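Data block below; observations after.
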Amino acid sequence: MKGTGLKLIAICISLLLAAGCYFGFSEPVGAETAPPLVAGMFSLAGKRPTNLGVKDGGLAPCPNSPNCVSSYSTDETHKIEALAYEGTRDEALVKLKAVIENMDNAKIITQNQDYLYAEFTSSLMGFVDDVEFYVNEDKGLIEVRSASRLGESDLGVNRQRIEAIRKKFS
529 MKGTGLKLIA
539 ICISLLLAAG
549 CYFGFSEPVG
559 AETAPPLVAG
569 MFSLAGKRPT
579 NLGVKDGGLA
589 PCPNSPNCVS
599 SYSTDETHKI
609 EALAYEGTRD
619 EALVKLKAVI
629 ENMDNAKIIT
639 QNQDYLYAEF
649 TSSLMGFVDD
659 VEFYVNEDKG
669 LIEVRSASRL
679 GESDLGVNRQ
689 RIEAIRKKFS
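The working numbering puts the first residue of the sequence shown at 529, with every later residue one more than the last.
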């Protein structure tokens, strides 16, 4: 009897997931972006890093793992160009915020006069990437850092994300 109950639960969960995949998981208009069903069941978010923010006039360096890109890095694996902006710092941040708010699975966590921090959650498994932007007025650039919290490789997702942001921002 015990095995029958577990089988019934497994069948129900499978049917719900199959229906969700077939019909799609939609969210109500105006709802906050939330991790999808599978991500909620098997969240691989990890803990928020403690090295976030602007320190000593810049963002934290990338770790040795290849799942991070930064405009401060000099090696090929981690190096990515900063974003160029025109106008004032405030105008740049308003524009950047609008770009990020219109991206899937993005949530802005912190913003101040020269810094913006957002978390991006992967659709399938709920992996979280930490993405930081620092408006360096002296250089007329927005310095960037995008890093995965977990794992070794990100299959280029962090680099692709920054390039997508660059395209939408320009």
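Every residue gets a Cβ at the ideal spot worked out from N, C-alpha and C, and that includes glycine. What you are looking at is a predicted structure, and each value in this text was computed from that prediction instead of being measured.
Assigned secondary structure, residue i (DSSP; H/G/I helix, E/B strand, else coil)
{"i": "lysine 695", "result": "helix"}
{"i": "lysine 635", "result": "strand"}
{"i": "leucine 669", "result": "strand"}
{"i": "leucine 624", "result": "helix"}
{"i": "glutamate 660", "result": "strand"}
{"i": "valine 685", "result": "helix"}
{"i": "glutamate 647", "result": "strand"}
Span separating the alpha-carbon of residue i from that of residue j
{"i": "arginine 673", "j": "valine 659", "result": "6 Å"}
{"i": "phenylalanine 661", "j": "serine 651", "result": "23 Å"}
{"i": "alanine 675", "j": "serine 698", "result": "22 Å"}
{"i": "alanine 610", "j": "serine 599", "result": "5 Å"}
{"i": "leucine 572", "j": "lysine 623", "result": "30 Å"}
{"i": "glutamate 614", "j": "glycine 668", "result": "8 Å"}
{"i": "alanine 612", "j": "isoleucine 670", "result": "6 Å"}
{"i": "lysine 583", "j": "methionine 653", "result": "31 Å"}
{"i": "glutamate 560", "j": "serine 601", "result": "Low confidence applies here, because glutamate 560 scores a pLDDT of 41, under 50, leaving its location unreliable; read the following figure in that light. Looking at the two C-alpha atoms, the distance is approximately 34 Å."}
{"i": "lysine 696", "j": "threonine 605", "result": "23 Å"}
{"i": "phenylalanine 655", "j": "glycine 679", "result": "9 Å"}
{"i": "leucine 587", "j": "threonine 578", "result": "12 Å"}
{"i": "isoleucine 693", "j": "valine 597", "result": "13 Å"}
{"i": "valine 627", "j": "arginine 677", "result": "22 Å"}
Candidates the options, of which the one nearest residue i by Cα
{"i": "proline 589", "options": "Asn630, Tyr613, Lys607, Gln641", "result": "Lys607"}
{"i": "glutamate 665", "options": "Tyr643, Lys696, Asp657", "result": "Tyr643"}
{"i": "asparagine 633", "options": "Tyr645, Val656, Thr649", "result": "Thr649"}
{"i": "arginine 576", "options": "Asp657, Val597, Gly679", "result": "Asp657"}
{"i": "glutamine 688", "options": "Met631, Asp603, Gly574, Gly585", "result": "Met631"}
{"i": "isoleucine 690", "options": "Thr578, Ala646, Gly581", "result": "Ala646"}
{"i": "lysine 625", "options": "Gly585, Arg677, Gly679, Val663", "result": "Val663"}
Cutoff 9 Å: residue i Cβ touching any chain B Cβ
{"i": "asparagine 595", "result": "Here there is only one protein chain, and chain B is not present."}
Touching by the beta-carbon criterion (3+ pairs, under 8 Å), the region 677–684 and the region 609–622: no
Touching or not, the region 584–601 and the region 628–641, by the rule of three or more beta carbon pairs under 8 Å? no
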